[in-house]
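Letter by letter, the sequence shown follows residues 3 to 649 of the working numbering. In what follows, a structure is listed as structure tokens, so that the remarks can point back to it.
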Amino acid sequence: MDQTQFLQAGRRATLGSLGLLETTPEPAFDLLAEAACGAAGADAGFVVFIDGDDVCLKAAAGRHARACAQRDVYCQRVVRTAKTLVVADALPAGDGGADIGAFAGAPIVVQDQVIGVVCVTSKAPHVFLDAQIAQIDLLARMAGERLETRHEKLFLSRLFDGTSDAVLIVDEQQVIRHWNAAAEGMFGHTAQEALGQALRMIIPQRLRAGHDRGFTRLCNGGRPTLAGAVEVPALRRDGSEFPASLSLSVWRDNERIMIGAIIRDNSEREALNQVRVASEAKTRFLANMSHEIRTPLNGIIGLGDVLSRTVLTPDQGDLLHAMTGAARTLEGLLSDVLDLASLEEGALRIASERFDLLAAVREVGALHRPRAEAKGLDYVVVQPSGEHWVVGDPMRLRQVIGNLLSNAVKFTNAGQIRLDLEVDGEAWRFAVTDTGIGFDDAAKARIFDRFTQADDSITRRYGGSGLGLSICADLVRAMGNELRATSMPGQGSCFEFSLALPEAHPGATVAEPVAREDHGIRVLLAEDHPVNRKVIELILAEVGAELVSVCDGRQAVEAFAAEAFDLVLMDMQMPVMDGLSATREIRAREKHDGRLPCPLIMLTANVLPEHLRASFEAGADRHLGKPIEAARLLSAIDEVLAGRDLA
């Protein structure tokens with residue numbers, strides 16, 4: 003686009019925004035043409051606007067006001083040069099179609115664009131006086147200034163009407179003088195209804211007296227002031243209130259004080275804030291519930307685990323099995339509730355880590371074998387032998403398979419339970435099949451709905467929250483596939499899914515455990531609950547560890563400063579100083595003293611994702627959620643100590 007085209011485009015935009023290319027007569031321009039004609043003593047006066055090669059005659063006055071090609075040529079020259087043009091004798095330039103003898107025209111300038119001309123013509127040659135030319139210049143400037151004001155008003159009107167905020171202007175008597183389209187939608191009053199009314203109509207009755215006092219103070223300021231944004235209740239036409247953000251500004255229009263108000267409806271923000279507050283409250287409740295339930299569970303399961311490795315009579319073994327089974331059921335229910343909360347908030351994250359798929363499936367399969375065989379069921383696990391390393395989320399995979407196996411054992415009283423793992427093209431296919439009670443197509447349609455089981459009688463007979471399959475389906479979906487179910491009433495069910503798990507290089511050979519009796523280690527345990535301290539003491543006593551126990555984080559920091567330890571076991575939620583603060587102080591002390599970091603494992607009933615992040619950010623090497631069992635704790639100790647030895 004060259005400069006001429008650029009100027010034409012700008013001129014066209016200005017003319018279009020002002021509506022000057024329309025042929026609708028405007029009295030103001032007619033008066034302007036008459037004034038120019040009279041001031042110059044000419045035969046005709048015109049107001050002309052130029053759009054490229056097109057000349058739009060907006061107004062004409064005088065006895066010889068008619069179309070004239072030569073006049074249009076002169077007007078084009080005025081626009082092109084942006085200067086006043088005076089032609090005293092135009093007859094030599096005539097083209098046969100023109101009948102003007104003289105021309106004088108001045109440019110109309112708006113937004114630095116020459117958009118038109120105020121001009122006069124005479125039939126015969128005529129010498130215009132300087133005073134007459136000055137009058138034409140003045141009229142052209144007046145036209146430009148008037149159009150500038152018009153342009154600004156149109157701009158402000160479009161700005162006000164284009165915003166989603168209500169824009170009001172009121173005078174010092176609180177009478178509404180401007181009411182934009184957004185105000186109509188926000189308050190329910192049309193502009194016709196609102197203009198001339200008192201501002202108090204949008205203020206709740208109980209607040210009007212205070213509003214009047216504040217309005218008076220604002221007006222008495224006597225100078226332009228931005229009063230700032232405040233949160234206020236506002237009143238709709240139907241009598242309902244809504245939270246609003248109000249910004250006020252004050253200025254003087256001649257001797258009148260005017261107040262501008264910008265009002266934003268905060269209903270949606272308030273609703274979102276309430277949702278956020280409720281979500282935070284729910285998260286705090288779940289965290290507290292998890293901590294309060296897992297803490298005693300840790301004592302039951304941990305002590306039960308220790309007892310299971312002692313000599314028991316058959317009856318004692320049965321009682322212990324029943325006790326720990328009930329505790330495990332409660333732990334599973336708690337985990338389901340926490341997973342559900344994470345899924346609802348979109349906070350569930352699928353890990354991507356290297357693990358031995360076949361070992362993971364073997365482990366989860368072995369966990370459910372005792373329950374199945376105790377019911378006299380044939381329990382079969384079919385999978386390739388050896389190891390196969392992949393990248394995925396081993397914890398969530400075990401959770402899904404374990405839940406499917408648990409359901410299969412629960413709902414099967416005779417026959418077989420089978421876990422199959424096989425390669426299906428580029429993916430791995432997992433299937434759990436049973437010969438249990440099954441379900442029909444109607445039940446299948448809702449089997450993955452939350453808080454749902456096949457029917458109420460099953461809930462009463464077998465128990466359960468109705469969350470397990472729903473969470474499994476969500477987890478499989480999060481890992482990239484769908485959980486599918488087939489079943490026949492009285493014949494059994496099959497739940498299956500496939501996952502594309504990228505292959506990974508085999509892991510390094512696991513070092514021999516170092517937390518054993520012939521490798522005595524000094525361990526610092528910070529735990530405020532006496533039963534949980536006892537659980538850890540009994541577990542570590544089996545491997546000959548020397549244990550120093552303290553009851554809070556402050557004591558842990560002091561003990562760590564006074565003595566040397568091979569390992570720190572830290573609870574998170576303790577009096578005086580919590581475990582996170584204690585961990586940060588320990589890491590800071592090590593850095594200050596130039597010591598190597600001591601392996602530190604967080605043992606806690608706080609198991610939400612934010613708790614894991616907080617543990618690792620504080621400096622923990624591992625995060626183990628309660629309840630704690632010997633095998634899991636000793637395995638974690640082996641890993642962190644092996645990592646220390648390799649460092």
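Where a beta carbon is used, it is the ideal one built from N, C-alpha and C, also for glycine.
Exposed unless 16 or more other CB atoms sit within 10 angstroms - verdict on residue i
{"i": "Phe618", "result": "exposed"}
{"i": "Glu631", "result": "buried"}
{"i": "Ser337", "result": "buried"}
{"i": "Trp253", "result": "exposed"}
{"i": "Pro577", "result": "exposed"}
{"i": "Ile352", "result": "exposed"}
{"i": "Arg215", "result": "exposed"}
{"i": "Asp640", "result": "buried"}
{"i": "Val177", "result": "exposed"}
{"i": "Pro396", "result": "buried"}
{"i": "Lys593", "result": "exposed"}
{"i": "Asp60", "result": "Per the sequence presented here, residue 60 reads as Lys, with Asp not at that position. Answer is buried; the Cβ neighbour count reaches 16."}
Beta-carbon gap between residue i and residue j smaller than 8 Å
{"i": "Asp568", "j": "Ile523", "result": "yes"}
{"i": "Ser310", "j": "Leu322", "result": "yes"}
{"i": "Val1", "j": "Leu542", "result": "Because the chain spans 3 through 649 in this model, residue 1 falls outside it and cannot be assessed."}
{"i": "Ser551", "j": "Leu527", "result": "yes"}
{"i": "Glu548", "j": "Val392", "result": "no"}
{"i": "Gly301", "j": "Thr326", "result": "no"}
{"i": "Val120", "j": "Val49", "result": "yes"}
Alpha-carbon to alpha-carbon, residue j and residue i
{"i": "Ala35", "j": "Thr123", "result": "11 Å"}
{"i": "Val169", "j": "Ser472", "result": "49 Å"}
{"i": "Asp436", "j": "Ser637", "result": "33 Å"}
{"i": "Ala622", "j": "Ile603", "result": "6 Å"}
{"i": "Glu375", "j": "Lys628", "result": "28 Å"}
{"i": "Phe2", "j": "Val434", "result": "Here the chain covers residues 3 to 649 and nothing more, so residue 2 does not appear."}
{"i": "Met260", "j": "Arg79", "result": "45 Å"}
{"i": "Leu87", "j": "Ala108", "result": "7 Å"}
{"i": "Ala607", "j": "Ala563", "result": "26 Å"}
{"i": "Ile264", "j": "Ser249", "result": "5 Å"}
{"i": "Pro226", "j": "Ala42", "result": "Because Pro226 sits at a pLDDT of 38, beneath the cut-off of 50, its placement in the model cannot be relied upon, and the following sentence gives the value as read from the coordinates. Near 44 Å, if we compare the C-alpha coordinates of Ala42 and Pro226."}
{"i": "Asn268", "j": "Ser281", "result": "19 Å"}
{"i": "Arg591", "j": "Asn409", "result": "50 Å"}
{"i": "Ile171", "j": "Leu197", "result": "10 Å"}
{"i": "Ile138", "j": "Asn222", "result": "45 Å"}
{"i": "Asp554", "j": "Val642", "result": "23 Å"}
{"i": "Asn182", "j": "Thr192", "result": "9 Å"}
{"i": "Val366", "j": "Ala566", "result": "38 Å"}
{"i": "Gly581", "j": "Ile588", "result": "10 Å"}
{"i": "Phe413", "j": "Ile419", "result": "10 Å"}
{"i": "Val308", "j": "Val533", "result": "13 Å"}
{"i": "Tyr381", "j": "Gly417", "result": "9 Å"}
{"i": "Ser354", "j": "Val478", "result": "14 Å"}
{"i": "Ala502", "j": "Leu359", "result": "12 Å"}
{"i": "Gly378", "j": "Ala620", "result": "49 Å"}
Simplified DSSP assignment, three categories, for residue i
{"i": "Lys2", "result": "With the chain covering only 3 through 649, there is no way to say anything about residue 2."}
{"i": "Thr656", "result": "An answer regarding residue 656 cannot be provided, because it is not within the stretch 3 to 649 covered by the chain."}
{"i": "Gln493", "result": "coil"}
{"i": "Glu272", "result": "helix"}
{"i": "Cys121", "result": "strand"}
{"i": "Ile403", "result": "helix"}
{"i": "Gly54", "result": "coil"}
{"i": "Ala45", "result": "Note that residue 45 is Asp in the sequence shown, not Ala. It is coil, neither helix nor strand."}
{"i": "Val384", "result": "strand"}
{"i": "Gln115", "result": "strand"}
{"i": "Val516", "result": "Residue placement at Val516 is flagged as unreliable, the pLDDT there being 42, under the threshold of 50; the coordinate-derived value follows with that caveat. In the structure shown, Val516 sits in coil (DSSP, three-state: anything other than H, G, I, E or B)."}
{"i": "Val129", "result": "coil"}
{"i": "Val308", "result": "helix"}
{"i": "Gly378", "result": "coil"}
{"i": "Leu314", "result": "coil"}
{"i": "Met579", "result": "coil"}
{"i": "Ala71", "result": "helix"}
{"i": "Leu598", "result": "coil"}
{"i": "Asp320", "result": "helix"}
{"i": "Gly301", "result": "helix"}
Beta bridge counterpart(s) of residue i as assigned by DSSP
{"i": "Pro235", "result": "Pro245"}
{"i": "Ser500", "result": "Arg431"}
{"i": "Ala263", "result": "Leu170, Leu250"}
{"i": "Phe105", "result": "Val89, Thr123"}
{"i": "Phe357", "result": "Val392"}
{"i": "His180", "result": "Ile171"}
The ligand ZN heavy atom lying under 7 Å from the CB of residue i
{"i": "Val252", "result": "Absence of the ligand ZN is noted for the structure shown, with no ligands found whatsoever."}
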